[in-house]
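**Q** Handing you a structure now.
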Amino acid sequence: MINSIRAWGMPFAAGIGLGVILFILLHGGVLADQDRTTSRIQTDREKTTGNEAEAAKQQVVVKPALPVTSSTVSQSDSKPATTRSPEKKPSASSNAVPSTEKSSAKSNSDLDKLTVRVYLTKQKRVEAVPLEQYVRGVLAGEMPIDFELEALKAQAVAARTYIVRRLAMHDRSGVPGEKADVTDTVDHQVYIPLKELAARYPAGEERTASLAKLTQAVEETDGEVLTYDGEPIEAAFFSTSNGFTENVEDYWQLSLPYLKSVASPWDEEISPRFKQTVEMKEKELYRRLGVKDDGKPPRILETTEGHRVKTVVIGGKTFTGREVREKLDLASSQFEWTISKGKATITTYGLGHGVGLSQWGANGMAKEGATASEILLHYYTGVKVEQAYKLPNEDGK
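The sequence shown runs 1 to 397 under the UniProt record's numbering.
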């Protein structure tokens with residue numbers, strides 16, 4: 001995270017520390033609603049419909065800014081160790097005010113007592129699991145196990161941050177009924193139940209090694225969350241960048257200071273989903289956009305800091321890049337196309353909304369020797385990686 005990744009347009013309850021949050025969650029308290037603005041971020045399912053296609057003879061060519069290449073950025077990467085693409089996505093939203101209660105006992109064991117109630121969509125039942133077991137299941141569902149260990153650790157911290165924030169906000173949006181906190185789908189975070197974990201990996205030594213690596217990534221980040229001004233962040237993530245991540249306001253029309261565009265040159269070298277091409281009939285393209293062919297070529301009005309299409313005129317109507325992406329089911333909002341002989345050939349760069357952590361970019365950084373913390377501090381601007389139980393209470397202690 002349709003697959004919605006929901007986030008908050010306003011800061012997390014001002015002044016509330018994670019120690020207070022944990023006390024509330026563990027002792028039955030509920031963060032009450034107040035007159036606060038919230039924003040829902042709609043996200044996207046991982047696109048799998050793009051196919052490489054031969055270029056048609058060009059009649060109309062639409063191109064935004066080209067993606068960054070290895071020649072324009074100083075870092076370079078090796079070829080991919082895998083052809084699988086991460087499955088992706090989280091998120092949530094709600095209103096909250098801080099509790100006046102103060103935590104009398106803050107320790108890492110407090111985190112261990114937190115339970116996450118996951119609605120298993122296929123089984124139509126709820127599974128209650130400890131926080132760290134939930135993070136392990138999410139890590140298995142969201143990132144290939146053959147990614148570098150430090151990339152897996154970075155993903156584990158992002159996944160933990162998401163659920164801690166959601167629980168603290170008492171947010172159950174997108175969940176059927178009142179007995180679960182999240183689903184096991186991209187509406188929140190993809191989660192693999194404990195009983196199904198082993199079956200994801202080939203039997204024998206490879207399975208043993210995979211499960212051990214999964215456990216190691218979670219245990220070595222035990223209790224770690226991402227914070228901004230002492231509060232857990234909206235840890236958005238996605239599969240593959242176009243060479244840059246996106247400013248959150250350019251995709252979701254809200255402002256969060258830590259979700260800013262940064263360079264991500266590793267994706268082009270190692271992600272099998274960096275560039276994809278899909279074809280459709282010209283008439284189908286206009287039908288899905290709800291416009292008629294006015295005989296004029298599409299015209300890009302503006303691109304974002306992340307080199308994606310911000311606004312484009314098609315058939316006399318102005319669209320955002322996100323609108324075109326969603327209406328045409330494209331992999332990303334950086335796209336270019338040619339129209340020839342009644343057929344549109346559309347090429348996209350990157351996979352996903354582009355906001356926050358790029359999973360393939362994280363793997364590229366890890367291949368170059370970056371630690372999980374270095375990866376996270378690169379993709380989330382101005383954040384800290386902190387132990388949740390060490391964060392201050394309302395009185396600053």
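Cβ coordinates follow ideal geometry from the N, Cα and C atoms, glycine included.
1. Taking only the alpha-carbon atoms, compute the straight-line gap between Thr348 and Glu269 and give it to the nearest angstrom.
2. Below 9 Å between beta carbons: does that hold for Leu197 and Ala158?
3. Along the chain, which unbroken stretches of the alpha helix (DSSP H) at least 4 residues long are found entirely within the stretch 203-257?
4. Do Asn242 and Gly306 have their beta-carbon atoms positioned less than 9 Å apart in this structure?
5. Please list, in chain order, all residues of the same chain as Lys384 whose beta carbon is under 6 Å from its beta carbon, the five residues on each side excluded.
6. Specify, as a first and last residue, the run of the beta strand (DSSP E) that Ala128 falls within.
7. When the Cα atoms are used, what is the spatial distance from Gly223 to Tyr201?
8. Beta-carbon within less than 6 Å of Ala344's beta-carbon, same chain only, minus the 5 sequence neighbours each way: which residues are those?
9. Exposed or buried, Ala199, counting other C-beta atoms within 10 Å across all chains shown (16 or more means buried)?
10. Take Glu127 and list the residues in its own chain whose beta-carbon comes closer than 7 Å to its own, dropping the five residues that flank it on each side.
11. Assign Arg287 to one of two classes, buried (16 or more other C-beta atoms within 10 Å of its C-beta) or exposed (fewer than that).
12. Check this for me: beta carbons of Arg165 and Pro257, under 9 Å apart or not?
13. Candidates Phe237, Gln123, Ser173: which alpha carbon is nearest Glu142's?
14. If you measure between the beta carbons of Val248 and Gly356, is that distance less than 9 Å?
15. Taking the runs of the beta strand (DSSP E) that are 3 residues or longer, which of them lie wholly in the stretch 315-373?
16. If we count Cβ pairs, one from each stretch, closer than 8 Å, do we get three or more for the stretch 147-156 versus the stretch 207-221?
17. Tell me which residues share the same chain as Val313 and place their Cβ nearer than 7 Å to its Cβ, disregarding the 5 neighbours each side in the sequence.
18. Which term fits Arg125, buried or exposed, when burial requires 16 or more other beta carbons within 10 angstroms of its beta carbon?
19. On the DSSP bridge assignment, give the partners of Thr277 in chain order.
20. DSSP beta-bridge partners for Thr311?
21. Alpha helix (DSSP H) containing Glu268: first to last residue?
22. Which first and last residues belong to the alpha helix (DSSP H) in which Gln387 is found?
23. Can you tell which of Glu205, Thr221, Lys122 has its C-alpha closest to the C-alpha of Gln133?
24. Rounding to the nearest angstrom, what Cα-Cα distance links Ser289 and Ala180 in this structure?
25. When DSSP labels each residue in this structure, what does Thr185 get in the three-state scheme?
26. Under the three-state reduction of DSSP, which class applies to Thr161: helix, strand or coil?
27. Within 10 angstroms of its Cβ, does Thr318 collect 16 or more other Cβ (buried), or is it exposed?
28. Less than 9 Å between the beta carbons of Gln387 and Val135, yes or no?
29. Once the 5 residues before and after Thr311 are set aside, which same chain residues still bring their CB inside 8 Å of it?
30. Taking the C-alpha atoms as reference points, what is the distance between Asp184 and Gly295?
**A** Reading from the atomic positions:
1. Near 16 Å, if we compare the C-alpha coordinates of Glu269 and Thr348.
2. no
3. 205-219, 248-252
4. yes
5. Excluding positions up to five away in sequence, the list reads Thr227.
6. 125-130
7. 26 Å
8. Exclusion of the five residues before and after Ala344 leaves Met280, Glu282, Leu285, Trp337 as the residues of its chain whose Cβ lies within less than 6 Å of its Cβ.
9. exposed
10. Val118, Leu120, Pro193
11. Answer is exposed; the Cβ neighbour count stays below 16.
12. no
13. Phe237
14. yes
15. 317-320, 335-340, 343-349
16. yes
17. Same-chain partners within the cutoff: Pro298, Arg299, Leu301.
18. exposed
19. Thr347
20. Note: Thr311 sits in a beta bridge opposite Glu302, Thr320.
21. The continuous alpha helix (DSSP H) containing Glu268 extends over residues 266-270.
22. Unbroken run through Gln387 is the beta strand (DSSP E), 384-387; no alpha helix (DSSP H).
23. Thr221
24. The amino acid at residue 289 is misidentified as Ser; the sequence shows Leu. Near 37 Å, if we compare the C-alpha coordinates of Ala180 and Leu289.
25. Of the three classes helix, strand and coil, the one that applies to Thr185 here is coil, per DSSP.
26. helix
27. exposed
28. Result no, Cβ atoms of Gln387 and Val135 do not sit closer than 9 Å.
29. Ile300, Leu301, Glu302, Thr318, Phe319, Thr320, Gly321
30. 46 Å
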